[in-house]
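Written below as structure tokens is the structure these notes are about.
4 protein chains.
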Amino acid sequence: MIHAGLAGATGYVGVELLRLLRGHPGVQVTALSADSTAGRPMEALYGHLAGLIDQAPGPTTAAAFEGCDVVLMALPHGASAALAGEMLDAGIRVIDLGADFRLKDARSFERWYEVEHPRQDLLPQAVYGLPELYRDRIRGARLVANPGCYPTSAALALAPLVKNGMADLDFLVLDSKSGLSGAGRKTSLFSHFCEADGSVAAYAVAGQHRHTPELEQTLSDLAGRPVRVTFTPHLVPMKRGIMTTAYTRTPIQDLSPLYEDFYRDEPFVQVRSETLPATGHVTGSNRCHVAPRFDARTGRATVVSVIDNLVKGAAGQAIQNLNLMFGMDETAGLDLVPVYP
Amino acid sequence: MIHAGLAGATGYVGVELLRLLRGHPGVQVTALSADSTAGRPMEALYGHLAGLIDQAPGPTTAAAFEGCDVVLMALPHGASAALAGEMLDAGIRVIDLGADFRLKDARSFERWYEVEHPRQDLLPQAVYGLPELYRDRIRGARLVANPGCYPTSAALALAPLVKNGMADLDFLVLDSKSGLSGAGRKTSLFSHFCEADGSVAAYAVAGQHRHTPELEQTLSDLAGRPVRVTFTPHLVPMKRGIMTTAYTRTPIQDLSPLYEDFYRDEPFVQVRSETLPATGHVTGSNRCHVAPRFDARTGRATVVSVIDNLVKGAAGQAIQNLNLMFGMDETAGLDLVPVYP
Amino acid sequence: MIHAGLAGATGYVGVELLRLLRGHPGVQVTALSADSTAGRPMEALYGHLAGLIDQAPGPTTAAAFEGCDVVLMALPHGASAALAGEMLDAGIRVIDLGADFRLKDARSFERWYEVEHPRQDLLPQAVYGLPELYRDRIRGARLVANPGCYPTSAALALAPLVKNGMADLDFLVLDSKSGLSGAGRKTSLFSHFCEADGSVAAYAVAGQHRHTPELEQTLSDLAGRPVRVTFTPHLVPMKRGIMTTAYTRTPIQDLSPLYEDFYRDEPFVQVRSETLPATGHVTGSNRCHVAPRFDARTGRATVVSVIDNLVKGAAGQAIQNLNLMFGMDETAGLDLVPVYP
Amino acid sequence: MIHAGLAGATGYVGVELLRLLRGHPGVQVTALSADSTAGRPMEALYGHLAGLIDQAPGPTTAAAFEGCDVVLMALPHGASAALAGEMLDAGIRVIDLGADFRLKDARSFERWYEVEHPRQDLLPQAVYGLPELYRDRIRGARLVANPGCYPTSAALALAPLVKNGMADLDFLVLDSKSGLSGAGRKTSLFSHFCEADGSVAAYAVAGQHRHTPELEQTLSDLAGRPVRVTFTPHLVPMKRGIMTTAYTRTPIQDLSPLYEDFYRDEPFVQVRSETLPATGHVTGSNRCHVAPRFDARTGRATVVSVIDNLVKGAAGQAIQNLNLMFGMDETAGLDLVPVYP
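Structure (structure tokens):
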């Protein structure tokens, strides 16, 4: 039985980890931490946990995780790195669900996140935890950087084309639509019900979003040369889910075989060749549906991918990484049918 | 391993049974049936099942369920009774998620449902499957009538007061708010997105809803004398969930101890004494939260209960009944944290 | 042309006043004030006003409204009373959309709102601005207390029965369902999109809500003796709308004629005798639909009423009052077809 | 006073025309027609019209519109053309809100709509009713083809760039997000509440949507040479609104002046240079907000436009065209503040 600690257990990603790990046969959550909410019973914070989680989270300190085999960190960017270092020094493995170890280049991190990187010495050992692309490295990792939600959906949409040299790298447009849980539980005007409901909003338009360098890093790695993309995130009036609609030029017309081949053995990626995905098709599950389509009129491909941002885009992918790191069945705790409707 | 058949597998309750039973350690679904959609792959009907359910449902016939230990039937009212009889004759136990066996009085069924009862000879052996009230009878049952969603939420809200003689039986008002999945997958104008979104609608006002006699039957049984209630169902723009706000007069002021005592050993009922429940607190789970409150100004009690209509109000309760009928742990397959947010 | 000032123009009620008054043939908005947001252009606060409102609101002071004929105040409770006094002294009429002048009894105000009443000397001249009940008094008023949203929907649901002595005053239950705009634009956890969407929540259960004494005051006035009610507000995942489902015992069976007679000449109240109302039927309009139904099984009436909380429950009713106060056509600026869907 | 007839008055566009025309000072609706719902009172079809529209729509025949000055047709494609011909012969002007006269090339119509064009002889006189681009032609028109909702939002997003030769015509990607009212009132599985809520769906991906040739026709006309675009429509869980996110390469960096200049005198187009639009910013109004942004990293422009699909995308634009055709103030009946929130 793996003993896992959760740092930042009282955000939406934290309680999603609690939900998923309760059904995991090989992992026991032995430590919970929070910040401003530390010390309050989970039930007072989350009505849905009434009667289910007795443990009140303590403050986020290194001592809180003594005895853990692994700590999953769902903390604001800049807050994970120092704690991660302490954990690694103590022989505890780390899965960071924040942004601190996602970008290989510390200068890029500092430019996009506008803070100094607290532990750039750890960057070389950090493995980018997208199992469909980097499974082998994850297996041996002690520090995994769990990918962002948008980059996960974007990478899985384009990887087969880019990896096979079939995408025009000068024509990459990624248009993403996200539910509001991606913005977390902290209140703000744009996530106020009356502002968000019944409305679609674009934000961070024209290369302003911090996930841009992350998804360019992955696509560049797949392409073998630096690529630039146009990426636009949108907020859609729903709680969970991300759809990325990806556009590129391509010389091949028959995209389904390419995708089916690429994802043949993936337990969580489903190629949709006949029908089109909707974000509701993956809610509550670690699954990603990908639908590649070719338009002969234009010579361009449109690829639609969907994930649940809190699962494959965060907590579920972290558990998938945990399973790989500890040699367990990759699907342990994650063999879930999506909640529908 | 129990072999279960699902009759009516392609409605919302059917696919919820598939979702929940996939995680059940002691049950295997060995037969699926449907009606108009029989023969089509599940993936063509439900995108979320792509890659998860290979079996295409066949037509709903007795032969389809040969070899099953139990059949769960999610069929329109009037359609279960005949099939149920055939199953019982073949030694197969039945859990009927429809209305055919809920009312003990066939004339009452015929008055409210406006069809002749196809098998009233089976009524005496049918057990009303609300485990919190009738657990012992369910254990020995061969035919269980799974309760309606509104009656489940109403009965759990009022049972402690009524059973203990603490409710004024001449002052029982039940105001329920339901998500739209209760109306099923068949399209209709009132469940058309643009008609339902952003709007609350009352329907079957003033004693018109077919669940009225069912909840009166349960409350009468608890009270030991016939009771009449005023019950109003409402449709709320959400997919899942039922809240029932119940009103009565009561002589006792301190309601929490009464409720906590009544539900002390119940694995799925949570009394909320400090904070108030919302339907979102139980989504995707078999849980029921109940919050009793007393108003000293008026001498009246207001009790708020919430369930997920597709789980505790349908598929989950059916599995809870199945577990009891087959001597398994009552929570097997149902030990789920609600999906939040 | 009446010159109107808006105090508190940057909340949801304030911008709804701006929307409705733009179409009013006899009123011009000549002064806008705000508090924390004073000085910022409306477009920076509300994208939907870009290009429509050039005026930036100033601070809320008496001087700001010099030259106005009337000031409409949409301020937090306790904040209107002092300003209202200054306005009245300056010969400017006041419509207060807040709670300060709704309760005739200052002690009741202080008990429920937990602040001292700043200007109880003004209470005698304040007229409760529910035109369907108090039209004549409003015509001559210099200070109108615009009713709360819940009390408006509740009073219109029950007035015909209570006024005619046809309601059992010991059996009055009001179950209301509201959209979230009633809670205003200030962010809070319960109105955070991910907390509110897909969920119904009860709050202020068992006589805790501040609108309770207000609606009891109106019903007591209609009944000619003090009455107590049980009132429960609920939050429903929608932006606008309130439905009140009212329950009472009644000796008469044929309710429609009573209601149609009572509301015969009302321009904004529609009795629904054939079909049932939904909140979506009145969105964006000053209309109220009321559907009374009798249940012969129980001898009880269920009456369903719907309004748009921001219009008939706030801004629209204020303009209706303004029209009456200034001798204009009562429907001026309010002859709007609801926005549907 | 212009006498207007509405053919197809009982769909969502029809009742939106009724809403808007009620507030129009120079137009009176003198004839209503419907098809399957003809003869039923509007109140039975639409609860929100109870007490507002007494007229029951008759069947859709030429005789129904005798005496009208203009007929607005909201009919399924293929159904308008014959009636339009009869109207024109009778000297009645026509605004067709359907697709029959939008494409100049009858073969293109037949290829995309898969029906023979019933009256291609009328195509030469049909004017494409996008006032911001074709105002002068509309003024003299007797037959106006009211644009589709997607093409309206797309054309207004890109017109300033394309018209000025500042868009790379080999890099035009249009990603649109629509509310569900665009799909009309006819029930279907994809617009069933439980299928649509909480989910984003892509459809008609990779050049399958019928609006593709229409928006290419407009952009080609602006560019002075044939252009091809990649267009993807998406369904978002909201009732009204379309956002189009348009992508192109451009040599100019400072886009706002270009857009502000292009739309300087437009009463309904608002350039958003500071803040970004959301569809909720235009709900219920004829307004279009457009926000052009340049990304120096990539040399590409992202332009976001929003409209209310039922107003600027249908009924409101039709009235704008009507105003132009009859020499009235272009904003008559349309000077509305959006409904917010």
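Protein chains in written order, with our numbering: chain F, 1 to 341; chain P, 1001 to 1341; chain Z, 2001 to 2341; chain D, 3001 to 3341. A virtual CB, placed ideally from N, CA and C, is assigned to each residue, including glycine. Every value quoted in this text rests on a predicted model; they were computed, and no experiment measured them.
Might you give, ordered along the chain, the residues of its own chain that have their beta carbon closer than 7 Å to the beta carbon of Z/ASP2308, omitting 5 neighbours on each side?
Hits under 7 Å: ARG2240, GLY2241, VAL2282, THR2283, GLY2284 and SER2285.
Once DSSP output is grouped into helix, strand and coil, what is the label at P/ALA1099?
Reduced to three states, the DSSP call for P/ALA1099 is coil.
How many Å lie between P/GLU1340 and F/LEU180 at the Cα?
For the sequence presented, residue 1340 of chain P should be read as Tyr rather than Glu. Those two C-alpha atoms are separated by around 13 Å.
So, for P/TYR1259: in the same chain, excluding its five sequence neighbours on each side, which residues have a beta-carbon less than 7 Å away from its beta-carbon?
The residues are PRO1160, VAL1271, VAL1290 and PRO1292.
Would you say F/ASP308 touches the ligand GTP, meaning its beta carbon is less than 7 Å from a heavy atom?
The ligand GTP is not part of this structure, which contains no ligands at all.
With a Cβ-Cβ cutoff of 8 Å, do D/ILE3092 and D/LEU3072 count as a contact?
No, the pair does not count as a contact, with Cβ atoms beyond the cut-off.
Check the Cβ-Cβ distances between P/VAL1304 and every residue of chain Z, and say whether any is below 8 Å.
Yes, P/VAL1304 counts as interfacial toward chain Z.
Residue range of the beta strand (DSSP E) that D/TYR3247 falls in?
Looking at the DSSP string, the run of the beta strand (DSSP E) that includes D/TYR3247 is 3242 to 3249.
Note down, in chain order, every chain Z residue with its Cβ under 9 Å from the Cβ of F/TYR12.
The answer, in chain order, is CYS2194.
Quick one: grab the DSSP three-state call for Z/MET1978.
A query on residue 1978 of chain Z cannot be resolved here, the shown segment of chain Z reaching from 2001 to 2341 and no further.
For the putative contact between P/VAL1337 and F/LEU18, defined by C-beta atoms under 8 Å, what is the C-beta separation to the nearest angstrom?
With a Cβ gap of about 7 Å, P/VAL1337 and F/LEU18 count as contacting.
Taking 8 Å as the CB-CB limit, is P/THR1275 close to chain F?
Yes - at least one Cβ of chain F is within 8 Å of the one on P/THR1275.
Under the rule that 16 or more other beta-carbon atoms within 10 Å means buried, what is F/LYS186, buried or exposed?
By the 10 Å Cβ count, F/LYS186 comes out exposed.
Thinking F/LEU97 and F/ALA314 are a contact (beta carbons under 8 Å), I'd like their distance in whole angstroms, please.
Confirmed, Cβ separation roughly 6 Å.
Taking DSSP as the reference, what is the three-state secondary structure of F/GLY8?
In this structure, F/GLY8 counts as coil in the three-state DSSP scheme.
For F/THR302, which residues does DSSP report across the bridge?
Partner(s): F/TYR247 and F/ARG293.
Do Z/THR2230 and Z/PRO2151 come within 8 Å of each other at the CB atom, strictly closer than that value?
Taking 8 Å as the Cβ cut-off, Z/PRO2151 and Z/THR2230 do not qualify as a contacting pair.
I'd like to check one pair, P/GLY1129 with P/ALA1145: are the Cβ atoms closer than 8 Å?
Yes; because the gap between Cβ atoms is below 8 Å, this pair is in contact.
Determine, for P/VAL1015, whether the minimum Cβ-Cβ distance to residues of chain F falls below 8 Å.
Closer than 8 Å to some Cβ of chain F, the Cβ of P/VAL1015 qualifies, so yes.
What residues are listed by DSSP as bridge partners for P/LYS1177?
Answer by DSSP bridge pairing, in chain order: P/HIS1234 and P/MET1243.
Just verifying my parser: in three-state terms, what is the DSSP assignment at F/LEU18?
Note: F/LEU18 maps to helix in three-state DSSP.
Rounded to a whole number of angstroms, what is the C-alpha to C-alpha distance between F/THR60 and Z/SER2178?
Rounded to whole angstroms, F/THR60 to Z/SER2178 spans 39 Å at the Cα level.
Please report whether the beta-carbon of P/LYS1312 lies at a distance below 8 Å from any beta-carbon of chain D.
No - not a single Cβ of chain D is within 8 Å of the one on P/LYS1312.
Taking CB distances under 8 Å as the criterion, tell me whether P/PRO1233 reaches chain F.
It does not; no Cβ of chain F falls within 8 Å.
Under 8 Å, do P/PRO1057 and P/THR1037 count as touching if we go by C-beta distance?
A contact, by the Cβ cut-off of 8 Å.
Alpha carbons only, please: which of P/ARG1040, P/HIS1234, P/ASP1035 and P/GLY1026 is nearest the one belonging to P/ILE1319?
The candidate whose alpha carbon is nearest that of P/ILE1319 is P/GLY1026.
Would you mind stating whether P/GLY1140 and P/TYR1113 have Cβ atoms separated by less than 8 Å?
No; because the gap between Cβ atoms is not below 8 Å, this pair is not in contact.
Using a C-beta cutoff of 8 Å, does D/LYS3239 count as contacting chain P?
Output row for D/LYS3239: interface = yes.
Taking Z/SER2199 as the reference, give the member of P/ASP1265, P/LEU1174, P/ALA1099 and P/MET1243 with the closest Cα.
Nearest C-alpha to Z/SER2199: P/MET1243.
Am I right that Z/LEU2103 and Z/GLN2125 are in contact with their C-beta atoms under 8 Å? What's the rounded C-beta distance?
Rounded, the Cβ-Cβ distance is 14 Å, inconsistent with contact.
Distance check for D/SER3305 and D/GLU3330, CA to CA, integer angstroms please.
Roughly 21 Å between the two C-alpha positions.
Determine, using beta carbons only, whether P/HIS1117 comes closer than 8 Å to chain F.
Answer no: the Cβ-Cβ gap between P/HIS1117 and chain F never drops below 8 Å.
Measure the beta-carbon distance from P/GLY1347 to Z/ASP2035 and round it to whole angstroms, keeping in mind my assumption that it falls under 8 Å.
Not covered by the structure: residue 1347 of chain P. The range shown for chain P is 1001 to 1341.
Using 10 angstroms around the beta-carbon of F/ILE53, count the other beta-carbons present and answer buried if the total reaches 16, otherwise exposed.
Flag for F/ILE53 reads buried.
Can you tell me where the beta strand (DSSP E) holding P/GLN1028 begins and where it ends?
Note, P/GLN1028: beta strand (DSSP E), 1027 to 1034.
Using three-state DSSP, classify Z/HIS2003 as helix, strand or coil.
Strand.
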